[in-house]
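Visitor: Pasting a structure here, questions to come.
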Amino acid sequence: MLKVKKFGGTSVADKEKIFNVANRCIEDYKNGDEIVLVLSAMGKHTDELISLSNEISTNVPKREMDMLLAVGEQITVSLMAMAFYKLGVPAVSLNAFQVKMFTNSNYGDAELTKIETERIRKELSEKKIVIVTGFQGIDENQNYTTLGRGGSDTTAVALAAALKADSCEIYTDVDGVYTADPRIVSDAIKLENVSYEEMLEFSNLGAGVLHNKCVKIAKENDIKLVVRSSLTNSARYYDFKLL
Ligand code: ASP
Ligand code: MG
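Heads up: the sequence shown begins at 796 in this note's numbering, then just goes up one per residue.
As structure tokens, then:
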């Protein structure tokens, strides 16, 4: 099976967590699955990069902002590749340029337009785990773009669609999809089954689990999204069905 797995910032925030993610992927890899791993920037790194830019100016060119923010995900993917190397499993990290993940030029909130699959397929055929930067793209003039905060989910779902993956698993530090962000709203209710429409609404309202664009791409491509906890092994399955 070809599996796209996405881990967010909290799940890769330090060395232990990076090895934890690597080991979880290795389990599937040893069972014969092909793994494409999409990662976000470590911890609060994207926020820190934004603060750095604010020290220069609060009115920075959007193109330069995306150039800066694209750094975060590259740090994570290269460190993750090093972790696999240390564990003796072949892996390669790729950024938006190397994969060729194209977007429009709407800096800071770009839409993915085309993802090439040739490079990823070549690496997979060489039995490597392929680690891809979430959140970033390139426009037709070879500028970095970013997909909006939380955009790595969208990278994962779009990659799953382009690769016709068997599953797309989004790992998060909450154990499922709630009506609101359970880290903020204490009486948020965990949802058992959600339709695409409901999920879109919840993510627009800030449920925080899934990036709203990712729900739209999953709907359009009929992709089965699995939302899992990166902290425990318990899994919540969400089969997004059209109403
Ligand atoms: N690193 C980006 C952000 O903090 C993208 C993501 O986490 O999905 O928004
Ligand atoms: Mg997120």
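Backbone N, C-alpha and C define an ideal beta-carbon position, used for all residues, glycine too.
Specify whether the stretch 796-808 and the stretch 829-839 touch according to this definition: at least 3 beta carbon pairs, one from each stretch, less than 8 angstroms apart.
Guide: The stretch 796-808 is in contact with the stretch 829-839.
Visitor: Ile915 and Ala886 look like a contact to me (Cβ under 8 angstroms); what is the Cβ gap, rounded to whole Å?
Guide: As a working note, residue 915 is residue 120 in the sequence shown. As a working note, residue 886 is residue 91 in the sequence shown. About 12 angstroms; that fails the 8 angstroms criterion.
Visitor: Given 8 angstroms as the limit, is there contact between the stretch 898-911 and the stretch 927-944, that is, 3 or more CB pairs closer than that?
Guide: Contact holds: three or more Cβ-Cβ distances are below 8 angstroms.
Visitor: Is the beta carbon of Gln931 less than 7 angstroms from the beta carbon of Ala891?
Guide: Here residue 931 refers to the residue found at position 136 of the sequence shown. Here residue 891 refers to the residue found at position 96 of the sequence shown. Yes. Within cutoff.
Visitor: So, for Met875: in the same chain, excluding its five sequence neighbours on each side, which residues have a beta-carbon less than 8 angstroms away from its beta-carbon?
Guide: Translated into the one-based positions of the sequence shown, residue 875 becomes position 80. Counting only Cβ-Cβ distances below 8 angstroms, and skipping sequence neighbours, we find Val807, Ile813, Val816, Ala817, Leu832, Leu834, Ala886, Ser888 and Ile926.
Visitor: For Arg1023, does the three-state DSSP call read helix, strand or coil?
Guide: Here residue 1023 refers to the residue found at position 228 when the sequence shown is read from its first residue. Strand, per DSSP.
Visitor: Apart from the five residues on each side of it in sequence, which residues of its chain come closer than 6 angstroms, Cβ to Cβ, to Lys810?
Guide: Within the sequence shown, numbered from 1, the residue matching residue 810 stands at position 15. Cβ within range, chain order: n/a, list empty.
Visitor: Can you give the Cα-Cα distance for Thr974 and Cys963, rounded to whole angstroms?
Guide: Here residue 974 corresponds to residue number 179 of the sequence shown, with the count starting at 1. Here residue 963 corresponds to residue number 168 of the sequence shown, with the count starting at 1. Going from the Cα of Thr974 to the Cα of Cys963 covers about 21 angstroms.
Visitor: Is any non-hydrogen atom of the ligand ASP found closer than 6 angstroms to the C-beta of Ser846, if you look at the structure I gave you?
Guide: Taking the sequence shown and counting its residues from 1, the one referred to as residue 846 is at position 51. Answer for Ser846: no, Cβ out of range of the ligand ASP.
Visitor: In chain order, what residues place their C-beta within less than 6 angstroms of a heavy atom belonging to the ligand ZN?
Guide: As presented, the structure is devoid of the ligand ZN, carrying the ligand ASP and the ligand MG as its sole ligands.
Visitor: Specify, as a first and last residue, the run of the beta strand (DSSP E) that Ser888 falls within.
Guide: Taking the sequence shown and counting its residues from 1, one reaches residue 888 at position 93. Looking at the DSSP string, the run of the beta strand (DSSP E) that includes Ser888 is Ala886 to Leu889.
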